[in-house]
Amino acid sequence: MFSQIFDEEQNPLSVKWRQINSSGFKIIYPTELEKEAQRMANTLPHIYPLVGSSLGVKKTTIPVLLQNQGVIANGFAQLGPKKSEFFSTPPQQFDSQDWLNNLAVHELRHVAQFDKLTGGKAKPFPELVYFVWFGASLPIWFFEGDAVTTETALTNAGRGRQPSWIMPYRASLLEGKKLSYSKASFGSNTDITPGYYQLGYLLSSNIRTQQGENIFEEVLTDIKKRPLRLYPFSNTLKKLTGKGSHKWYKQTDSLLRTKWTAQDQATSTVDYQSLTKPAKYATNYFTPVKLNDNCILTLKQSKTEATHLIMIDSNRTEKHLLYIGYQEQPWFSYANDLVIWDEVRYDPRYRKRNYNIICSYNLKTKKVKKLSSTSRLFAPSLSADGKKIIAVKIELNNQCNLVELDAKSGSIIFTYPNPKNLILQTPSFDESGNTIAYISVSEKGKALHTINRSGEIRELIAPTQQQLTRPVFIGQQIAFNAHYNGIDNIYEIDVISKKISALSNAKYGAFNPSFSKTSSTLIFNNFRHTGYDISETPIKPEPLSKNNFVYFGAAAEKQENTGNVFSKIPDSIYDSKPYRALGNLINLHSITPVIEDEYLFGLQLNSDNLLNTFSSFVGAEYHRDLRRFEYNAGFILKSFYPVISSTYRNRPRRTFYTTNQGIMQGDWRENNIQLQALVPINFNSLGDNYSFNFKAATSYTQRYMGQNMPANYITSLKLPMEYGFSFAHSTRQADRDIAPRWAQTLKLTYLHQPFDNRLDGELFAAEAFLYFPGLFKNHSFTANFNYQYSSGVRRYDNEINAVYGYNNIMARNFLKNTLLFNYRFPFAFPDAELGPLAYIRNIRGGLFCHYENLGIDTDMGQPKTYGFELRSSMNLLRYQPIIDLGTRFIFVNKVYNQNPIFELILNYSF
């Protein structure tokens, strides 16, 4: 589960929606989720007063959308428009409670945060302004950490109770790593860092432990009273507690070192030998399998490499096999020379709809095969002979079943019953292929079961708060993950006696056990401060040891004093009715300031419907140089395959023209209507992403109120046409990549005026990009060739990329073509915190050589411009957006008699 700022995707038109109104909650859901919607209609109003209690918030009004078309587990709450969305498909590895309940308690805490700062009321359309203020006022670690603290304190589960969730932070500190406040919060391109969820939970819990239940209510109340300040959260925290955010981080960091050191000293652990080469930066080797004594198959991912299957020999030499696509959880299964895995594939147009498909790769033939297409199959596992697959299937109504598939065709040959519709996870076959072990999840916790073809179900471990996962058969035993000693380790259970024994005693965590009949050892993931490593240990069952887990949420749990808020949920039946998308297109939510440049500014009233299929605006802007107003309106309709948009502007205009009397000034107003249809097609396969875009656009302009205009000035521009096509292919990128290792882009544009004989002329432009790997890892070489032909009224238009410095160099001819070579590379990852001013993530260099009008004005021996650039990505003033700041030195061909040009570079991203 991760936060999300704005939702830009749509569901297909075939989804039929209904709604339930329940005590301030408008629950909007697909018809398949009627049962889950009724449950949420009872749950949300019941728990919200408890979720918001420590912030002094008891009531709210908010739409909640239940989404069922996707397979990626997520949830978010947002402003502009105010809503929350729950993605109902449960993941294969999460907390020990019901998935929608897990989402509800976390996301409603965000709603309570919104309501505390904004008052909970939609005063005249303030939401986007509130959103900006919210982001500037609260550090993201508090936004998410406070929600995790709440989900842990109010339930029997919560991520604060999971050793594996805070494991990366614990490993870093116990290995002597010193993380700055910024690095711990914003991450690193070199090391594994805790992330703002984990950091936020530990900080929030510590502050509540020392300052009491109501500290954050007091902080948010003070921010609301005095909203316009720099660092309002930290300064208010300092005012109330004597310590700002940075000092609280240092104090918490010291506390963690002390408590985790004590835990380490009290827990007997083994330092397992690594079977991989020492890692220089964060590197993961997931789900290792031993093919023979000299070869290990594993899924590798690092800061420098995208996820791919590799083999590691006895000399620890790695051999690349295959890049794979995005996975909901890292996973593959191997048997009899066959490798299978699941990965996410997106609908080409409606990206809210996506699928989890199964692929296979034959190690002998090197052939990849797609075993399913529009499927919702998870955690596939092969039988020992490689002929059958067991997987979890989740329907659109959240019905969950184990299904058996043919490993050659991918067809479902048997469906196992799940009468209580428990959430099912990570199944596996025994040696015979007749019995299956799997994990179930409910509000009571996680349980371990076996089932056979006759439907006989045995519960080996009753529902518990242990993080049970990945059961695999070892003869007559079943190995699995849990945290009985307060650290995630590998255990086994005797299927007859149900006795549980320990198979590993890792210092930080052991995961993903694998066993071969030809070996008496267990191969597994041993977590280190550099990531998931590979180790091996003899199979020697040992008694369970004492649980020494350090629980930092105890004080908050005691302060809330609610017990499990899901223990007594009402069971009422609510009236539901159809939710008409057409009748709910308009949803006004914000008036926002618009500043286009130093001369043009104004206000805009924004509307976005809850299904994100229709956006619209109306606005007024003032032209300071013309001393006149512009009035505008527009919409984007995203329901259909083409995205249709239109904009209307009534605006003042000014021009200067030459006459016999000299240069004259002319003014007029005009009505301008623009219309565009865009068909965006995107799809992915393995490690490749593809996109096709088709565009057609036109406009109509009517000029009036001409003042001091020439007699022959044109009063109307009738439907000039623009057509566009683009294609792009790219491979998946690693964190350190400047650009994709391999990518190709082609863009074609054509403009003309077929309906207006007075305006003769056309423009055709073609742009092609080719991306190649550089000389070293994460370096990138780009070749960009651009061509355009223009005539008539289009003669002075430029639609292609120009050389660097183009606007500062006197042109010798019309722009016909350009050839742009760029080589970019990272050379430092300092993770340097410059006090509160900046956190420097990386430093990058670049070389370029650009040609213009090849074959006309120059040849390959005469570039128009060349030079170098320096850039750095950073977080400024401890805020989340990443700022790309740099400088470019441009040298100009001597024939232009131009001094070198110095440019500043400034970009940002979220």
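Per the numbering used here: the sequence shown = residues 105 to 1014.
Built from N, CA and C at the ideal position, the CB exists for glycine as well.
Computed from a prediction, not measured in an experiment: that's the story for all the values here.
7 Å Cβ cutoff met for residue i and residue j
i: Asn-917; j: Phe-952; result: no
i: Phe-823; j: Phe-859; result: Position check: residue 823 holds Leu in this sequence, whereas Phe was assumed. Yes, these two residues count as a Cβ contact at 7 Å.
i: Ile-461; j: Arg-449; result: yes
i: Leu-183; j: Gly-249; result: no
i: Ile-1017; j: Val-215; result: With the chain running from 105 to 1014 in the structure shown, residue 1017 is simply not present.
i: Thr-222; j: Asn-668; result: no
i: Ser-976; j: Ile-994; result: no
i: Glu-664; j: Ala-257; result: yes
i: Phe-670; j: Asn-205; result: yes
i: Leu-919; j: His-954; result: no
i: Lys-524; j: Asp-935; result: no
i: Ser-618; j: Ile-643; result: no
Chain-order list of residues whose beta-carbon lies under 6 Å from that of residue i (same chain, five-residue window excluded)
i: Leu-169; result: Ile-132 and Glu-189
i: Arg-453; result: Tyr-745
i: Ile-638; result: Leu-379, Thr-380, Tyr-389 and Pro-392
i: Leu-709; result: Ile-695 and Val-722
i: Phe-615; result: Asn-585 and Asn-629
i: Ser-795; result: Asn-786 and Ala-832
i: Lys-881; result: Thr-408
i: Ile-400; result: Pro-392, Lys-394 and Ile-416
i: Pro-153; result: Lys-162
DSSP state of residue i mapped onto helix, strand, coil
i: Phe-106; result: Note that Phe-106 has pLDDT 38, beneath the 50 cutoff, so the model's placement of it is unreliable and no number is given.
i: Arg-773; result: strand
i: Asn-786; result: strand
i: Pro-858; result: coil
i: Ser-127; result: coil
i: Thr-294; result: coil
i: Lys-681; result: strand
i: Thr-387; result: strand
i: Glu-508; result: strand
i: Met-914; result: coil
i: Asn-736; result: strand
Cβ-based neighbour list, residue i, same chain, cut-off 8 Å, excluding 5 preceding and 5 following
i: Gln-123; result: Lys-130, Ile-131, Ile-132, Tyr-133, Ser-680, Lys-681, Pro-682 and Tyr-683
i: Gly-179; result: Met-105, Ser-188, Glu-189, Phe-190, Phe-191, Leu-207, His-210 and Glu-211
i: Glu-702; result: Arg-728
i: Pro-434; result: Asn-388, Phe-390, Thr-391, Leu-403, Gln-405 and Thr-411
i: Ala-685; result: Trp-121, Asn-713, Leu-715, Thr-717 and Ser-743
i: Ala-906; result: Leu-919, Thr-922 and Glu-956
Inter-residue Cα distance where the pair is residue i and residue j
i: Glu-231; j: Asp-219; result: 11 Å
i: Phe-106; j: Pro-195; result: Caution applies to Phe-106, whose pLDDT of 38 falls short of 50 and renders its modelled position unreliable; the value that the coordinates give is listed next. Approximately 13 Å, taken between the alpha carbons.
i: Gly-706; j: Arg-755; result: 13 Å
i: Met-144; j: Lys-456; result: 21 Å
i: Gln-108; j: Trp-121; result: Unreliable placement is indicated for Gln-108, whose pLDDT of 43 sits below 50; the coordinate value is still reported in the next sentence. Those two C-alpha atoms are separated by around 23 Å.
i: Thr-484; j: Trp-445; result: One point to set straight first is that residue 484 is Pro, not Thr, in the sequence displayed. Those two C-alpha atoms are separated by around 6 Å.
i: Ile-516; j: Ser-477; result: 13 Å
i: Ile-527; j: Leu-1010; result: 48 Å
i: Gly-965; j: Gly-959; result: 11 Å
i: Ala-583; j: Gln-377; result: 21 Å
i: Ala-610; j: Thr-634; result: 15 Å
i: Asp-988; j: Leu-974; result: 10 Å
i: Leu-874; j: Leu-790; result: 20 Å
i: Arg-899; j: Thr-853; result: 15 Å
Strand pairing of residue i, partner residues [DSSP]
i: Val-236; result: Looking at the DSSP assignment, Val-236 forms no beta bridge with any residue, so it has no partner.
i: His-954; result: Leu-924 and Thr-969
i: Ile-748; result: Leu-741 and Ala-781
i: Phe-628; result: Ser-639
i: Lys-524; result: Paired residue(s): none; Lys-524 is not in a bridge.
i: His-833; result: Tyr-794 and Gln-848
i: Ser-544; result: Leu-528 and Ala-551
i: Leu-564; result: DSSP output for Leu-564 lists no bridge partner at all.
i: Leu-1010; result: Leu-989
i: Ala-216; result: DSSP lists no partner for Ala-216.
Proximal residues to residue i (C-beta, below 7 Å), its chain only, five neighbours per side dropped
i: Glu-136; result: Asn-172, Leu-500 and Asn-501
i: Tyr-301; result: Glu-248, Gly-249 and Val-252
i: Ala-370; result: Asn-652
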